[in-house]
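S.K.: Numbering (this note's numbering), first residue to last: 12 to 465.
1) Terminal residues of the continuous alpha helix (DSSP H) containing residue 389?
2) I need the boundaries of the beta strand (DSSP E) containing residue 66, first residue and last residue.
3) Check whether the region 213-231 and the region 260-276 are in contact - that is, three or more C-beta pairs closer than 8 Å.
4) Determine the DSSP secondary structure at residue 460, reduced to helix, strand or coil.
5) Alpha carbon to alpha carbon, what distance is there between residue 103 and residue 315?
6) Is residue 134 near the ligand HEM, in the sense that its beta carbon is under 6 Å from a heavy atom of that ligand?
7) Which ranges would you report for the alpha helix (DSSP H) in the region 288-369 if only whole runs of at least 4 residues count?
8) Under 7 Å, do residue 262 and residue 207 count as touching if we go by C-beta distance?
9) Beta-carbon separation of residue 211 and residue 169 under 7 Å?
10) According to DSSP, simplified to helix, strand and coil, what is residue 181?
11) Please list, in chain order, all residues of the same chain as residue 51 whose beta carbon is under 8 Å from its beta carbon, the five residues on each side excluded.
12) Looking at C-alpha atoms only, which residue of 244, 461, 337 and 24 is the closest neighbour of residue 415?
13) Which class does residue 372 belong to by DSSP, given the choice of helix, strand or coil?
14) Can you tell me which of 450, 167 and 215 puts its alpha carbon nearest to the alpha carbon of residue 464?
15) Taking the alpha carbon of residue 105 as the reference point, which residue from 442, 139 and 113 has its own alpha carbon closest?
16) Pull up the DSSP beta-bridge partners for residue 421, would you.
17) DSSP puts residue 75 in a beta bridge; with which residues?
18) Which residues bound the beta strand (DSSP E) around residue 33?
19) Any contact of the region 328-345 with the region 72-79, i.e. 3+ C-beta pairs under 8 Å?
20) Under a Cβ-count criterion, where at least 16 other Cβ atoms within 10 Å of its own Cβ denotes burial, should residue 412 be classed as buried or exposed?
21) Given residue 92, which residues of its chain have a CB within under 7 Å of its CB, disregarding the five upstream and five downstream residues?
22) Among 37, 163 and 320, which has the Cα closest to the Cα of residue 399?
23) Run through DSSP, which three-state label would residue 123 get?
24) Measuring straight from C-alpha to C-alpha, what distance separates residue 240 and residue 252?
25) Using the beta-carbon count (16 or more within 10 Å), is residue 238 buried or exposed?
26) Which whole-angstrom value is the C-beta distance of residue 280 and residue 254, which I expect to be below 8 Å?
27) Can you tell me which of the three DSSP states residue 84 falls into?
28) Whose C-beta lies closer than 8 Å to the C-beta of residue 365 among residues of the same chain, with five residues either side of it excluded?
29) Is it buried or exposed for residue 470, if we count other Cβ within 10 angstroms and need 16 for buried?
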């Protein structure tokens, strides 16, 4: 039995926060949480077992990055363009370099270490179209101990020649990778069939990906409704579809194991489709700001019952930090709320104009209250776990779950480190908004240390 003593902070499955200022985690030999509670209670129960006293650290569940791109990690901060020209100018050339397996292997090793160093214990990752590069990346993930869902990108149209495949070649390569890696190491590694987005995939390829994913019980991941130019292109390419989301419905891509990045510009029928099929959204607010894509109406989507987690979406996202992503999710929701509040106030001053009252009622800023740090933390942990169907295994510090943990030192981000212990909400706010190098001290997956600060 391994005993860890620290402040314990976690979302609770039934809602709210679990906060134990002086807590103890008991981990069994398989890396599961055998017990959790106040240290003074459990120390008596486990008398005789060695205790690793980590105070003043805080232990939290490992962070879940629901959407990011391995080959784009070293192409971040290429500013100045929106989504489609940005892909052509910066991203496709970066991905073409992964034709060299050793380039891909080295990049994967750096990428996974950067994730673990930031406290992310599970990432949902796009590789490139290259089978050998994706194989090498899975090998690195197996070696370093991270929890991973990953897939080879699939494209057979509207992409550079070096990154295009025939549907048959793409489907066969993806199936081989899935057979080799899906469910590996007791489910620590999993496969996601990865048609990049509707414009880069033929109907044959998308239907084939849906068929293979169902056959293998694997995940599906793609992009949805990120950019208004992208939406116009989809309408042009798929005139028979009622909406972007309907394209994926017609191809059989929507279901409870489907992960859709973005989903900013969704109509009512599209949101109904997502709820009915059980598909999940990965909200990537820093990427959405960087590419001037828009601000997701996150509060509305959540209150309508859509399943949402958070993703860093590197390289449009500037880093792999889920702390910064969660903080920016809060700020983006504040901006959206403030804009609607200010617009409603402006219109009320002109309420004598015909129809103004109806418009004010439609805007209703109070219907989109800003996201709180505690809610953002939940999206970055348990929310991501639920989207992957893993909420019974990870995402919170509860008995029976696997011990995917991150240890942080709050004093690194606290300008007054001698202050009395803060409330859980204030501590989370500080960790999200004031993340600093050196804040994360250690990362565990299944109770095994995968990264620790030098």
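All residues carry an ideal CB built from backbone N, CA and C; glycine is no exception. Since the model is a prediction, treat every value here as computed from it, not as a measurement.
M.R.: With the given structure in hand:
1) Run containing residue 389: 384-389, per the alpha helix (DSSP H) assignment.
2) From DSSP, the beta strand (DSSP E) with residue 66 extends over 62-72.
3) Touching, per the Cβ criterion.
4) Of the three classes helix, strand and coil, the one that applies to residue 460 here is strand, per DSSP.
5) The C-alpha of residue 315 lies about 36 Å from the C-alpha of residue 103.
6) The ligand HEM is not among the ligands present in this structure, which contains no ligands whatsoever.
7) You should have 296-301, 309-314 and 333-359.
8) For the 7 Å CB-CB criterion, residue 262 and residue 207 do not form a contact.
9) With contacts defined as CB atoms closer than 7 Å, residue 211 and residue 169 qualify as a contacting pair.
10) Note: residue 181 maps to helix in three-state DSSP.
11) 33.
12) When each option's Cα is compared against that of residue 415, the closest is 461.
13) Residue confidence is low: residue 372 scores 49 on pLDDT, short of 50, so the model does not pin down where it sits. Its coordinate-derived value is still stated next. It is helical.
14) For the residues 450, 167 and 215, the minimum Cα distance to residue 464 belongs to 450.
15) Restricting attention to 442, 139 and 113, the CA atom closest to the CA of residue 105 is found in 139.
16) BP columns for residue 421 are empty, so no partner.
17) DSSP, once it has assigned bridges, lists 133 as partnering residue 75.
18) Note, residue 33: beta strand (DSSP E), 28-38.
19) Yes: the two stretches touch, three or more of their Cβ pairs being nearer than 8 Å.
20) By the 10 Å Cβ count, residue 412 comes out buried.
21) Here the set comprises 100.
22) The residue with the shortest Cα to Cα distance from residue 399 is 320.
23) Residue state, collapsed to three classes: helix.
24) Approximately 17 Å, taken between the alpha carbons.
25) When all chains shown are included, residue 238 counts as buried.
26) Yes, residue 280 and residue 254 are in contact; Cβ-Cβ is about 6 Å, under 8 Å.
27) It is helical.
28) Reliability of the predicted coordinates at residue 365 is poor, the pLDDT of 49 falling under 50, and no value is obtained from them.
29) The displayed coordinates of the chain run from 12 to 465. Any statement about residue 470 would go beyond what the structure contains.
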